[in-house]
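Trainee: One structure follows; several queries about it will come next.
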Amino acid sequence: MSNNDSPDKTTGLHIGAAEPGCKKTDPMLIIDHVKKNFGGLTAVDVQHLEIPKNAITALIGPNGAGKTTLFNLLTGFDSPDTGSWSFLGTSLSGVPSYKVAQMGQVRTFQLTKALSLLTVLDNMKLGAKNQAGESIFRALFPSMWKKQDAEIEIKALELLKRFQLDTKKADFAASLSGGQRKLLEMARALMTDPVLVMLDEPMAGVNPALTQSLLGHVLNLKKEGLTVLFVEHDMHMVRHIADWVVVMAEGKVVAEGPPETVMNEQAVIDAYLGAHQDTDLGVVTGRISIVDEEKKDK
Amino acid sequence: MDWGTILNNTLAGLLTPTTIAFALAALGLAMHFGFAGLLNFGIAGFMAIGAYGYAISVLTFGFPWWVGMIVGVIGSILFAILLGVPTLRLRGDYLAIVTIAAAEIVRLMFLTTAFTDVTGSADGLFGYNKSGGFTAANPFPPGSYGWGPWTYNSETLWVLTFGLGVLAVCVWFLWALMRSPWGRVIKGIREDEEAIRALGKNVFAYKLQALIIGGIFGGLGGIVYAAFANVSPGVYVTSITFFIWTSLLLGGAATIWGPVIGAIIFWTLQAFLSNVLPELALAGILPVSGTQAATLRFVLVGIGLMLLVIYRPQGIFGDKREMTFVK
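Printed below as a string of structure tokens:
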């Protein structure tokens, strides 16, 4: 896929004006009054947010906006002080993280969590759900899980092929490069047959060529009917693949809407992208004279 | 110097009830640390509970030997649950602190004079093998068996046979578990439990299961030890925990046979050093007294453990590739 291809964007996701907390035609996640304090700091304070189904939603915002904390709350890795949230109509308040994952909501981590001293294939096979052999009693009798394990292996190999990791299947995950680990983590997440994939900075530290293939994978997920929610700082990626953008700042949702419109809102530009988002980095750092002129104006 | 005796005693160390008991306990640690990543420094506590559970149920409650041994195993299961429920949600290092403290509490409870009637306090317990019927269950008629350094009377042979049987079952059990998808989850938890949780596995339940299984192996180690010697609180001290750790790391923590071979090497080496060092002192080669020379072996064990962890952390049987990626 070349850079200029504009992937099919899903539109018509919202009801009424595209403002913070607006209703969606078909929401997958609904968040109400979720608040989380760390000591005196309010990390997350979301009044109402709906994540649309079968679309790619980007969660953006400056560092410390509470994006990862919101991720942790939604997936049960952290519990909020107040609030409720539901996934496909089921309330997730107080549900432990592993049960959230079993319901089909899978996440990846900002700092990639490859299981280093397991082989790539074992990493993948771990992702599969409802494995008979994972019960301690049935584990002792291979006849009860051998067949299922073989099926899982076939599925794992197919996914590895798609992510171009099939040649690495017998290697320890520790021997993979940073980018390959990102791919492995995403592929492993897909082994759980999720309906909602939550990616925490999937592009961080990935080289441009690999970014292209990762983007392709994320777009494929939507084609397969999955819903994607991702946190990302790379604005090109957000513009390119997101159908919907939610902007957070200081724990609150400050704007949401389709990428073309939301990223032009002045509040968003000021809060996050910065006043110089279209200017050369050299200008921002003051190595080119335009900045001096601006200072004079002020 | 009498090299013949030294060699004879060293070779005898290859197969003793103590070696088997250590191999079992080290197998338990392999489950805990090698596969599940649980830092358990209280394996001596599990052994003590297994041994005392057996001895007390025979002596105080008059159970037959095999019921007593089952009680010992149940005791170690309960101890694992008691330790695990409050601590397994915490980070790994905390488990290490809690287990070392818990093992000491267990030992001191058996040592205190408050329960002398039941525990025998500092004297420990004895005679349970006879009164519980373990000795009578010996299928071997009295006599001398084996050859050379491996000559045993029928009683020792019975303990060895029993111990080897238990060890074989435990090795099979661990092997069967670790090749299964269950073992895969356990190894995954060792690497990163958050990631496993994100994949929908109940990490706490798996860790508790691993703690219980390793605890059973530890308890069985205590039972085999008790089937041969008396039960004494002086045995289950913290240093025995570190001997077992040395055995485990020697063989390879994340292996099935590593702990067994490690225990054998450890005790053979101990037998060799405890024979050769006093001899060297007597011959004037070591400038220390005979008793000092005998203690010197523990110093050497300590140095050996350090060298091992630094230069060969994966042990003798560990995967060479693991070495490259040690964090």
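Protein sequence lines, in the order shown, are assigned to chains A and B.
In terms of the numbering used here, the first sequence opens at residue 1215 and continues consecutively.
In terms of the numbering used here, the second sequence opens at residue 1047 and continues consecutively.
The C-beta atom is built at its ideal place from N, Cα and C for all residues, glycine as well.
#1: Residues in the same chain with beta-carbon distance under 8 Å from N1218 of chain A, minus the five sequence neighbours each way, listed in chain order, please.
#2: So with CB distances below 7 Å, who are the chain A contacts of G1234 of chain B?
#3: Anyone know if the C-beta pair for F1092 of chain B and G1264 of chain B falls short of 7 Å?
#4: Taking only beta-carbon positions, decide if T1406 of chain A is within less than 7 Å of chain B.
#5: Quick test of your reading: L1329 of chain A and A1387 of chain A, contact by CB under 8 Å. State the CB separation rounded to the nearest angstrom.
#6: Give the interface partners of N1276 of chain B over in chain A, defined as CB-CB distance under 8 Å, in chain order.
#7: For K1373 of chain B, collect the residues of the same chain with a Cβ closer than 7 Å to its Cβ; drop the 5 residues on either side in sequence, then sort them by chain order.
#8: Suppose you measure from the CA of A1364 of chain A to the CA of R1230 of chain B; what does that come to, to the nearest Å?
#9: Report the rounded CA-to-CA distance for V1334 of chain A versus L1073 of chain B, giving the unit in angstroms.
#10: I1310 of chain B and T1065 of chain B - do their beta-carbons sit closer together than 7 Å?
#11: Do you know whose CA, among B:R1343, B:T1202 and B:W1196, lies nearest F1318 of chain B's CA?
#12: To the nearest angstrom, how far is the alpha carbon of P1305 of chain B from that of A1423 of chain A?
#13: If you measure from the CB of I1286 of chain B, is any heavy atom of the ligand ATP nearer than 6 Å?
#14: For A1281 of chain B, which of B:S1167, B:A1126 and B:L1136 has the nearest alpha-carbon?
#15: Identify, in the order they occur along the chain, each residue of the same chain with its Cβ nearer than 7 Å to the Cβ of M1115 of chain B, setting aside the five sequence neighbours on each side.
#16: Check for me: the beta strand (DSSP E) holding E1470 of chain A runs from which residue to which?
#17: According to the neighbour-count rule (16 or more other Cβ atoms, all chains shown, within 10 Å of its Cβ), is V1215 of chain B buried or exposed?
#18: Would you say G1118 of chain B lies against chain A (beta-carbon separation less than 7 Å)?
#19: Measure the Cβ-Cβ separation of I1052 of chain B and V1322 of chain B and say whether it is below 7 Å.
#20: Examine the Cβ distances between the segment 1392 to 1409 of chain A and the segment 1304 to 1314 of chain A and report whether three or more of them are shorter than 8 Å.
#21: State the Cα-Cα distance for the pair A1273 of chain B and L1257 of chain B, rounded to the nearest angstrom.
#22: Enumerated in chain order, which unbroken segments of the alpha helix (DSSP H) with a length of 4 residues or greater are wholly contained in the segment 1379 to 1416 of chain A?
#23: Take the Cβ of V1144 of chain B as the centre, count every other Cβ of all protein chains shown within 10 Å, and call the residue buried at 16 or more, exposed below.
#24: With distances taken Cα to Cα, identify the nearest neighbour of L1263 of chain A among A:D1385, A:K1238, A:I1366 and A:R1395.
#25: Evaluate the contact criterion for the segment 1410 to 1422 of chain A versus the segment 1317 to 1328 of chain A: three or more CB pairs, one atom per stretch, below 8 Å.
#26: Hey, out of B:A1244, B:V1345 and B:I1235, whose CA is closest to L1254 of chain B's CA?
#27: Ends of the beta strand (DSSP E) at S1300 of chain A?
#28: With 7 Å set as the bound, which would you pick, yes or no: does the beta-carbon of Q1394 of chain A sit closer than that to a beta-carbon of chain B?
#29: Leaving aside the five residues before and after V1445 of chain A along the sequence, list all residues of the same chain whose C-beta is less than 6 Å from its C-beta, in chain order.
#30: Is N1277 of chain A buried or exposed, if buried means 16 or more other CB atoms sit within 10 Å of its CB?
#31: Can you list the beta strand (DSSP E) stretches of 3 or more residues lying completely in the segment 1070 to 1109 of chain B, in chain order?
#32: Quick one: does A1384 of chain A have its CB under 7 Å from some CB of chain B?
#33: Mind pulling the alpha helix (DSSP H) runs of 4 or more residues that sit fully within the segment 1198 to 1238 of chain B?
#34: Would you mind telling me which residues of chain B sit closer than 9 Å to L1354 of chain A, beta carbon to beta carbon, in chain order?
#35: Alpha carbon to alpha carbon, what distance is there between A1257 of chain A and E1508 of chain A?
#36: By the criterion of Cβ-Cβ separation under 9 Å, what are the contact partners of V1131 of chain B in chain A?
Mentor: Quick answer:
#1: Sequence index remark: in the first sequence, residue 1218 of chain A carries index 4 (1-based). Any reading at N1218 of chain A must be qualified, since the residue scores a pLDDT of 43, below 50, and its modelled position is unreliable; no value is offered.
#2: Reading the second sequence from its first residue, position 188 is the one you call residue 1234 of chain B. Residues of chain A passing the Cβ test: L1329, L1332 and L1340.
#3: Translated into the one-based positions of the second sequence, residue 1092 of chain B becomes position 46. Translated into the one-based positions of the second sequence, residue 1264 of chain B becomes position 218. In contact: F1092 of chain B and G1264 of chain B (Cβ atoms closer than 7 Å).
#4: Translated into the one-based positions of the first sequence, residue 1406 of chain A becomes position 192. Output row for T1406 of chain A: interface = yes.
#5: As a first step, residue 1329 of chain A must be located in the first sequence, where it is residue number 115. As a first step, residue 1387 of chain A must be located in the first sequence, where it is residue number 173. That belief holds up - the Cβ atoms of L1329 of chain A and A1387 of chain A are roughly 6 Å apart, short of 8 Å.
#6: On the second sequence, residue 1276 of chain B is found 230 positions in, with the first residue counted as 1. Under the 8 Å cutoff, chain A gives no residues; its nearest Cβ is about 35 Å from N1276 of chain B.
#7: By one-based count along the second sequence, residue 1373 of chain B stands at place 327. Low confidence applies here, because K1373 of chain B scores a pLDDT of 46, under 50, leaving its location unreliable and the question unanswered by this model.
#8: Looking up residue 1364 of chain A in the first sequence gives position 150. Looking up residue 1230 of chain B in the second sequence gives position 184. Taking the straight line joining both Cα atoms gives about 14 Å.
#9: Here residue 1334 of chain A is taken as the residue at index 120 of the first sequence, counted from 1. Here residue 1073 of chain B is taken as the residue at index 27 of the second sequence, counted from 1. Rounded to whole angstroms, the separation of the alpha carbons of L1073 of chain B and V1334 of chain A is 27 Å.
#10: For the purposes of this step, residue 1065 of chain B is taken as the residue at position 19 of the second sequence. For the purposes of this step, residue 1310 of chain B is taken as the residue at position 264 of the second sequence. Contact flag set, yes.
#11: Here residue 1318 of chain B corresponds to residue number 272 of the second sequence, with the count starting at 1. Of B:R1343, B:T1202 and B:W1196, the residue nearest in Cα terms is B:R1343.
#12: Taking the second sequence and counting its residues from 1, one reaches residue 1305 of chain B at position 259. Taking the first sequence and counting its residues from 1, one reaches residue 1423 of chain A at position 209. In this model, P1305 of chain B and A1423 of chain A are separated by some 46 Å (Cα to Cα).
#13: No copy of the ligand ATP occurs in the structure displayed, which carries no ligand at all.
#14: For this step, residue 1281 of chain B is matched to residue 235 along the second sequence. Before going further, note that residue 1281 of chain B is Val rather than Ala in the sequence given. Out of B:S1167, B:A1126 and B:L1136, B:S1167 has the C-alpha closest to the C-alpha of V1281 of chain B.
#15: Here residue 1115 of chain B refers to the residue found at position 69 of the second sequence. Correct list, in chain order: Y1100 and I1269.
#16: For the purposes of this step, residue 1470 of chain A is identified with residue 256 of the first sequence, where counting begins at 1. From DSSP, the beta strand (DSSP E) with E1470 of chain A extends over K1466 to G1471.
#17: Start at 1 with the first residue of the second sequence, and residue 1215 of chain B comes out as number 169. With fewer than 16 Cβ atoms within 10 Å of its Cβ, V1215 of chain B is classed as exposed.
#18: Position 72 of the second sequence, counting from 1, holds the residue named residue 1118 of chain B. No, no contact with chain A.
#19: In the second sequence, counting from the first residue as 1, residue 1052 of chain B sits at position 6. In the second sequence, counting from the first residue as 1, residue 1322 of chain B sits at position 276. Going by C-beta atoms, I1052 of chain B is nearer than 7 Å to V1322 of chain B.
#20: no
#21: Looking up residue 1273 of chain B in the second sequence gives position 227. Looking up residue 1257 of chain B in the second sequence gives position 211. Taking the straight line joining both Cα atoms gives about 24 Å.
#22: When DSSP assignments are scanned along the segment 1379 to 1416 of chain A, the uninterrupted stretches of alpha helix (DSSP H) that are 4 or more residues long and fall wholly within it turn out to be 1392 to 1404.
#23: In the second sequence, the residue the question calls residue 1144 of chain B occupies position 98. The residue is buried, with at least 16 neighbouring Cβ atoms inside 10 Å.
#24: On the first sequence, position 49 is the one that residue 1263 of chain A refers to. When only C-alpha atoms are compared, the closest one is A:K1238.
#25: Touching, yes, given that three or more Cβ pairs across the two stretches are closer than 8 Å.
#26: As a working mapping, residue 1254 of chain B is identified with position 208 in the second sequence. It is B:I1235.
#27: As a position in the first sequence, residue 1300 of chain A is number 86, starting the count at 1. T1296 to F1301 is the span of the beta strand (DSSP E), which, as asked, contains S1300 of chain A.
#28: In the first sequence, residue 1394 of chain A corresponds to position 180, counting from 1. Judged by the 7 Å Cβ criterion, Q1394 of chain A is not in contact with chain B.
#29: The sequence position of residue 1445 of chain A within the first sequence is 231, counting from 1. Cβ within range, chain order: L1273, K1281, D1414 and E1415.
#30: Within the first sequence, the letter at position 63 stands for residue 1277 of chain A. Here N1277 of chain A is exposed, its C-beta having fewer than 16 other C-beta atoms within 10 Å.
#31: Entirely contained in the segment 1070 to 1109 of chain B, not one beta strand (DSSP E) run reaches 3 residues.
#32: Numbered from 1 along the first sequence, position 170 holds the residue referred to as residue 1384 of chain A. So, not an interface residue.
#33: Taking only runs of at least 4 residues, the alpha helix (DSSP H) segments lying wholly in the segment 1198 to 1238 of chain B are 1200 to 1224 and 1227 to 1237.
#34: Position 140 of the first sequence holds residue 1354 of chain A. Within chain B, the residues near L1354 of chain A are F1219, A1222, L1223, S1226 and W1228.
#35: In the first sequence, counting from the first residue as 1, residue 1508 of chain A sits at position 294. In the first sequence, counting from the first residue as 1, residue 1257 of chain A sits at position 43. With a pLDDT of 49 at E1508 of chain A, under the threshold of 50, the modelled position of that residue is not reliable, and no figure is offered here.
#36: Working through the second sequence from its first residue, we reach residue 1131 of chain B at position 85. Chain A residues near V1131 of chain B: none, gap ~15 Å exceeds 9 Å.
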